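Numbering (my numbering), first residue to last: 5 to 377.
C-beta atoms are modelled at their ideal positions from N, C-alpha and C, and glycine is treated no differently.
Predicted model, so just to flag it, every value in this text is computed and none were measured.
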Ligand SMILES: NC(=O)c1ccc[n+]([C@@H]2O[C@H](COP(=O)([O-])OP(=O)(O)OC[C@H]3O[C@@H](n4cnc5c(N)ncnc54)[C@H](O)[C@@H]3O)[C@@H](O)[C@H]2O)c1
């Protein structure tokens, strides 16, 4: 199959849809890979490394969009990219169509077959192509929080790990899923006192065992949130209610009562945020202060570490890309119901119910276009 990897053109997006090691695998499977020159610039990978991996490097995106049977990207296509898509071509990338009517219409008009990373599921219902970005955001949240705790950045001037003879910082992680687990792992590694709150007892059991009792795992409710937030130097918000806005777990009253110079990092800001005082920020202006508490609420945290994020994303996407390339999209999706859930748009039809209902457009079940064995 002919696979195309164009450069990302969305503002401030530096990640690459495929890294050279993924190209090697595709070529080894007998596929041809077209890469746009400069694809890897944002992650420190030069065109020659793609050439050595077996890709053909082309100057602009036009020939890639015109020739490729399968396009692999990171972000949703921008308007000028949508205009280059065509019927019979498969697009595999993050799409997030529900809030974006214009993009949805653009993909419908193009006739392309669009499979969204964010809606692919494993048999147990997990989201395997979102997980790597949650890992990145969780680990980064502690790095960002530690930076905000520095005096120059409005923080209280506490070093997370303390020093011998001086107490370490207290870190509270609300939500012990993928983000929360990764945040706790880094905070503990930096020497902080760490508490995780979650309202799932089975999840707390898993975390308690995996940390061998070195992290305080406590049931989440109003009382525990208030108690541990008031002791915390750094609070990380990492809850998720699938398909719903994040609950506002840290109230304005609690924030106002926290120690001056404390820091709150709301990773759940992409779902509306789980702190009452949060609003989305950007990497160019990531923080603001409310009631002497520093807030970090960047909605696309992985974007600031594109190299790690690209390699992590590729590890998760490559097996799916290989299946699309080896078997063709219909067979690959027919053999895996979780993968089939990634199909959002095909030949002018919306195949993902939540997207159709968000835009009040007709919905055609994905399995109408393939037979699931
Ligand atoms: N800002 C960013 O750049 C960025 C990047 C990746 C993920 N995220 C967001 O981070 C959030 C967490 O993602 P995840 O992958 O870890 O999700 P996840 O489903 O793995 O974990 C969510 C956890 O929240 C827990 N939870 C639900 N309600 C709770 C409550 N009331 N109190 C305590 N815990 C509660 C769940 O039991 C679960 O363990 C999501 O909103 C996700 O979209 C943001």
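Which value, in whole angstroms, describes the spacing of the CA atoms of residue i and residue j?
i: residue 155; j: residue 161; result: 5 Å
i: residue 377; j: residue 354; result: Low per-residue confidence applies at residue 377: pLDDT is 49, beneath 50, and the placement is therefore not dependable, though the value from the model is reported in the following sentence. Rounded to the nearest angstrom, the two C-alpha atoms are 22 Å apart.
i: residue 60; j: residue 149; result: 42 Å
i: residue 209; j: residue 358; result: 33 Å
i: residue 363; j: residue 170; result: 56 Å
i: residue 94; j: residue 329; result: 10 Å
i: residue 374; j: residue 122; result: 21 Å
i: residue 172; j: residue 293; result: 23 Å
i: residue 147; j: residue 113; result: 43 Å
i: residue 55; j: residue 29; result: 14 Å
i: residue 291; j: residue 301; result: 7 Å
i: residue 327; j: residue 320; result: 13 Å
i: residue 366; j: residue 356; result: 10 Å
i: residue 212; j: residue 129; result: 23 Å
i: residue 106; j: residue 348; result: 15 Å
i: residue 159; j: residue 110; result: 45 Å
Going by Cα to Cα distance, which pick from the options is closest to residue i?
i: residue 217; options: 303, 295, 346, 188; result: 188
i: residue 269; options: 261, 245, 236, 56; result: 236
i: residue 76; options: 153, 263, 37, 215; result: 37
i: residue 72; options: 39, 267, 18; result: 39
i: residue 276; options: 241, 264, 265, 293; result: 241
i: residue 239; options: 196, 245, 41; result: 196
i: residue 115; options: 86, 267, 194; result: 86
i: residue 332; options: 147, 92, 167; result: 92
i: residue 198; options: 28, 220, 111, 126; result: 220
i: residue 346; options: 47, 168, 369; result: 369
i: residue 179; options: 232, 152, 224, 212; result: 224
i: residue 157; options: 140, 132, 289, 349; result: 289
i: residue 118; options: 287, 255, 78; result: 78
i: residue 324; options: 16, 26, 14; result: 26
i: residue 245; options: 233, 133, 232, 203; result: 203
Just checking my contact of residue i with residue j at CB under 8 Å: how many whole Å lie between their CB atoms?
i: residue 127; j: residue 342; result: 6 Å
i: residue 100; j: residue 84; result: In fact, because the Cβ distance is near 19 Å, the residues do not count as touching under 8 Å.
Stretch-stretch touch, CB-based, cutoff 8 Å, three pairs: the stretch 292-306 with the stretch 330-339: no
Cβ contact (3+ pairs, closer than 8 Å) linking the stretch 309-327 and the stretch 277-293: no
Cβ contact check for the stretch 288-301 and the stretch 256-276: 3 or more pairs under 8 Å: yes
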